[in-house]
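In UniProt numbering, the protein residues as written are 1 to 230. We treat Cβ as the ideally placed atom computed from N, Cα and C, and that holds for glycine. Please read all numbers here as calculations on a predicted model, not as lab measurements.
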Amino acid sequence: MASVLKAQKINASRVDKGKRKADDMDIDDDEPQTIVSKKMKNKQRVLLLSSRGITHRMRHLMNDIEALLPHVKKDSKLDSKSQLHLLPELADLHNCNNTLYFEARRHEDLYLWAAKMPNGPSIKMHVQNVHTMDELKLTGNCLKGSRGLLSFDQSFEETEWGKLTKEVFTHIFGVPATARKAKPFIDHILTFSIVDNKIWFRNFQASIRRRLTFESHFSPTDTRERPCSI
């Protein structure tokens with residue numbers, strides 16, 4: 001008889017636990033569900049390559065751009081200048097959605113292709129004035145792998161071509177915070193200005209000078225890339 005009463009108590013306790021769980025589930029269902037929006041990540045990667053026939057100055061310019069942009073993946077030279085349709089395939093193989101292609105002609109003229117992959121806009125520019133890091137003795141010293149702020153001239157907002165160029169340059173030269181080789185520092189500024197129908201590209205170091213009154217002010221220092229008119 002005692003065993004029967006014990007079994008009934010155990011069954012009753014199990015039923016009570018099941019009811020409590022069901023009630024808790026009903027309460028949870030009545031509560032408003034909060035939808036957490038996922039933060040959009042910047043996943044820009046740039047493929048950097050050149051054609052055959054580039055000079056040492058052009059090669060140094062590519063090395064400087066590779067040093068400034070830690071999210072760049074450098075590839076070997078493209079054999080044929082007439083097979084530009086291979087660039088989207090190469091970008092897909094390297095998991096890149098942007099391309100910077102340097103095309104040299106007659107060992108003198110340098111053309112720069114900036115394109116969004118695979119079906120985005122492409123811009124062809126003639127590089128006319130180049131001064132690399134090795135030629136200049138400047139006081140600025142930026143950390144390699146650091147991120148840079150982008151500054152565009154107001155002239156980019158006046159035309160549709162300027163707006164499109166600004167958007168393409170933002171995707172290419174804007175270093176994502178999640179880039180594998182990027183450092184968690186912002187110590188230089190990349191400026192793009194339109195003067196005499198040419199795009200001038202400069203790199204400034206962002207330095208903070210402290211006075212005796214413990215006041216700090218921001219001052220850019222010209223460093224590394226000198227004007228490169230495109």
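- If the five residues before and after E157 are omitted, its C-beta is found closer than 8 angstroms to the C-beta atoms of K163, K166, all from its own chain and listed in chain order.
- L47 places its beta carbon less than 7 angstroms from that of H94.
- By alpha-carbon distance to A179, the top candidate from I65, P70, D64, S51 is P70.
- Within 10 angstroms of the beta-carbon of F185 lie fewer than 16 other beta-carbons, which makes it exposed.
- Rounded to the nearest angstrom, the gap between the Cα atoms of S50 and D196 is 27 angstroms.
- Between E108 and V127, the alpha-carbon positions lie close to 10 angstroms from each other.
- Comparing alpha carbon positions, the residue from N203, H171, W200, S207 closest to K43 is H171.
- Shown here, H85 sits in coil according to DSSP, grouped into three states, outside any helix or strand.
- Straight through space, the alpha carbons of M58 and P176 are spaced by roughly 26 angstroms.
- In this structure, DSSP gives E160 a helical state, which the three-state scheme calls helix.
- Taking the CA atoms as reference points, T159 sits about 24 angstroms from N129.
- The beta carbon of R105 lies closer than 6 angstroms to none in the same chain, with the five residues before and after it left out.
- F169 is not a Cβ neighbour of I189, given a cutoff of 7 angstroms.
- As computed with DSSP, T99 is found in a beta bridge with L47, A115.
- DSSP lists L110 as the bridge partner or partners of V127.
- Between I194 and D153, the gap from beta carbon to beta carbon is short of 7 angstroms.
- The DSSP-derived three-state label of H94 is coil.
- Straight across, the Cα-Cα distance linking G174 with K181 is about 14 angstroms.
- In this structure, the beta-carbon distance from N97 to M125 does not fall below 7 angstroms.
- If you ignore the 5 residues before and after L150, its C-beta comes within less than 7 angstroms of the C-beta of T170, F173, G174, L190, all in its own chain and listed in chain order.
- Setting aside the 5 residues that flank it on each side, K77 is surrounded in the same chain by L49, S50, S51, R52, each with a C-beta closer than 7 angstroms to its C-beta; the list follows chain order.
- Separation of the CB atoms of K183 and S207 is rounded to 16 angstroms, and the pair is thereby denied contact status at 8 angstroms.
- For I199, DSSP records a beta bridge to I194.
- Annotation: R180 is outside any beta strand (DSSP E) and is labelled neither H nor E by DSSP.
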